[in-house]
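Okay, structure first, notes after.
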Amino acid sequence: MKAIIDLGTNTFHLLIAEVVNGIIIEHRKIQIPVKIGEGGINQQYIAPVAYQRGMNALKEFRTVLNEFGINEITAFGTSAIRDASNGIDFMNDARRLYQMNIESITGEYEAELIYRGIEYSFDLPDENVLVMDIGGGSIEFIIGRKEQILWKHSYPLGAARLIERFHQTDPISDEDIVALQSYIVHNIKLVRDALIQFPTTTLIGSAGSFETLVDVLQNDLNKTVPTLSNHAQEISIDDFNEFVLLITSRNAKQRAELHGMADFRVEMIVVAAILMDVVIKRFEITRLIASHYSLKEGMLFT
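According to the numbering used here, the sequence shown holds residues 237 to 538 in order.
Structure follows, in structure tokens:
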């Protein structure tokens with residue numbers, strides 16, 4: 237039995253699990269919406285209130301780890317922690333207070349782990365696929381074919397960063413949508429170039445906002461979302477388009493009232509939906525799959 241701690245920009249995750257015959261057996265799974273990038277991510281700083289929320293989450297994790305008697309812990313920080321000027325202070329406090337040795341991983345390694353997690357969520361088609369992970373601090377793109385990673389890149393374009401720059405009104409204004417779309421297109425030119433070399437029209441979304449997409453489609457819009465496995469589902473492009481219109485036309489209170497909308501996704505889901513939409517339209521995606529596995533599952537299999 238092993239513990240994986242993923243210190244994301246929006247959410248801190250704890251997964252206690254073991255791998256048996258290539259299958260993940262979960263014993264405990266906790267996610268806490270820490271929002272460690274709030275108030276400082278674009279200044280490359282963990283703000284005091286967010287810093288304390290992070291410490292409180294690690295204290296809760298330590299209590300659970302002690303209950304399970306876990307000795308093998310893998311803990312890693314992603315975009316907000318690796319970029320913050322006081323990220324090293326945060327990691328030192330985690331070690332001193334809660335005996336957690338946190339590794340700050342690069343965006344490129346993060347992308348690799350995400351793809352490894354996706355690999356185990358369902359039987360990947362024997363063709364090129366584009367994988368997208370939307371975090372709070374960064375987004376990762378990976379092109380792969382079966383177990384082979386052909387190309388990968390991490391961009392500092394996470395939802396928390398984009399909210400501070402572009403989500404100035406609620407509901408988001410048409411002007412902010414256009415500005416955000418233009419900004420995304422300008423900044424993901426490397427993906428376009430990679431898709432010329434490794435073409436595909438299949439997009440696999442990695443957990444997070446893509447899980448929210450599935451939950452809202454099923455529970456609020458009463459859509460049928462076919463399952464590919466216990467950990468992956470396929471979404472029609474028409475249903476996705478309906479989701480984007482729904483999300484971008486609602487204010488925070490209205491989004492929170494949608495069936496299937498997790499409270500901690502209410503703020504981030506608007507820019508996440510626009511990110512998805514730009515990628516799907518820009519790269520002429522015809523097949524959209526949501527995987528429930530991602531970074532922490534990839535680390536578990538490493």
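Built from N, CA and C at the ideal position, the CB exists for glycine as well.
Query raised in the report: Just how far apart, CA to CA, sit N302 and I413?
Result: Counted from its first residue, the sequence shown places residue 302 at position 66. Counted from its first residue, the sequence shown places residue 413 at position 177. Distance between the alpha carbons of N302 and I413 is about 46 Å.
Report task. Leaving out five residues on either side along the sequence, give the residues of the same chain with a beta carbon under 7 Å from the beta carbon of V300. Result -> Here the question's residue 300 lines up with position 64 in the sequence shown. For V300, same chain residues with a beta-carbon under 7 Å away, outside a window of 5 residues either side, are L250, R264, I266 in chain order.
Requested in this report: Please check if any C-beta of chain B sits within less than 8 Å of the C-beta of N292.
Outcome: Among the chains of the structure shown, chain B does not appear; only one protein chain is present.
Requested in this report: Output yes or no for whether 8 Å exceeds the beta carbon distance between I295 and A347.
Outcome: Residue numbering aside, residue 295 sits at position 59 when the sequence shown is read from its first letter. Residue numbering aside, residue 347 sits at position 111 when the sequence shown is read from its first letter. Inspection of the sequence shows that residue 295 is occupied by Lys rather than by Ile. Not a contact, by the Cβ cut-off of 8 Å.
Report task. Could you work out which residue in F402, I370, D410, A430 is closest to L386 when comparing CA atoms only? Result -> Indexing the sequence shown from 1 puts residue 386 at position 150. The residue among F402, I370, D410, A430 with its C-alpha nearest the C-alpha of L386 is A430.
Requested in this report: Spell out a yes or no on whether the segment 521-528 and the segment 457-475 are touching, meaning 3 or more CB-CB pairs, one atom from each, closer than 8 Å.
Outcome: yes
Report task. Within the same chain, show all residues whose beta-carbon is closer than 7 Å to that of I350, passing over the 5 residues directly before and after it, in chain order. Result -> On the sequence shown, residue 350 is found 114 positions in, with the first residue counted as 1. The residues are V367, D369, E376, I378, S442, S530, L531, G534.
Query raised in the report: Taking the Cβ atom as the reference point for each residue, do I483 and V506 lie within a distance shorter than 8 Å?
Result: If you number the sequence shown from 1, residue 483 lands on position 247. If you number the sequence shown from 1, residue 506 lands on position 270. Yes, they are a contact pair.
Requested in this report: Over the uninterrupted beta strand (DSSP E) stretch that includes Q267, give me the two end residues.
Outcome: For this step, residue 267 is matched to residue 31 along the sequence shown. Looking at the DSSP string, the run of the beta strand (DSSP E) that includes Q267 is 259-268.
Query raised in the report: Is the CB-CB distance between I317 and L243 below 8 Å?
Result: Within the sequence shown, numbered from 1, the residue matching residue 317 stands at position 81. Within the sequence shown, numbered from 1, the residue matching residue 243 stands at position 7. Contact flag set, yes.
Query raised in the report: Three-state secondary structure (DSSP) at D242?
Result: Locating residue 242 in the sequence shown gives position 6, counting from the first residue. Residue state, collapsed to three classes: strand.
Report task. Tell me, to the nearest whole angstrom, how far the beta carbon of T245 is from that of A396; I am working on the premise that it is less than 8 Å. Result -> In the sequence shown, the residue the question calls residue 245 occupies position 9. In the sequence shown, the residue the question calls residue 396 occupies position 160. The Cβ separation is near 5 Å, so the contact holds.
Query raised in the report: Looking at the unbroken alpha helix (DSSP H) that takes in G353, where does it start and where does it end?
Result: In the sequence shown, residue 353 corresponds to position 117, counting from 1. Note, G353: alpha helix (DSSP H), 343-355.
**Report entry** Three-state secondary structure assigned by DSSP to R381
**Finding:** Mapped onto the sequence shown, residue 381 falls at position 145. Note: R381 maps to strand in three-state DSSP.
Query - Identity of the residue in F297, A293, K271 nearest A283 by Cα - result: Counted from its first residue, the sequence shown places residue 283 at position 47. Nearest option by C-alpha distance: K271.
Requested in this report: Taking only the alpha-carbon atoms, compute the straight-line gap between E520 and N322 and give it to the nearest angstrom.
Outcome: Stepping through the sequence shown from its first residue, residue 520 is reached at position 284. Stepping through the sequence shown from its first residue, residue 322 is reached at position 86. Going by the C-alpha atoms only, they are around 41 Å apart.
Query raised in the report: If we call anything under 8 Å between Cβ atoms a contact, is F479 one with A509?
Result: Counting from 1 along the sequence shown, the entry for residue 479 is found at position 243. Counting from 1 along the sequence shown, the entry for residue 509 is found at position 273. Yes. Within cutoff.
Query raised in the report: Quick one: what's got a C-beta closer than 8 Å to D329's C-beta in the same chain, skipping five residues either side?
Result: Counting from 1 along the sequence shown, the entry for residue 329 is found at position 93. Same-chain partners within the cutoff: M291.
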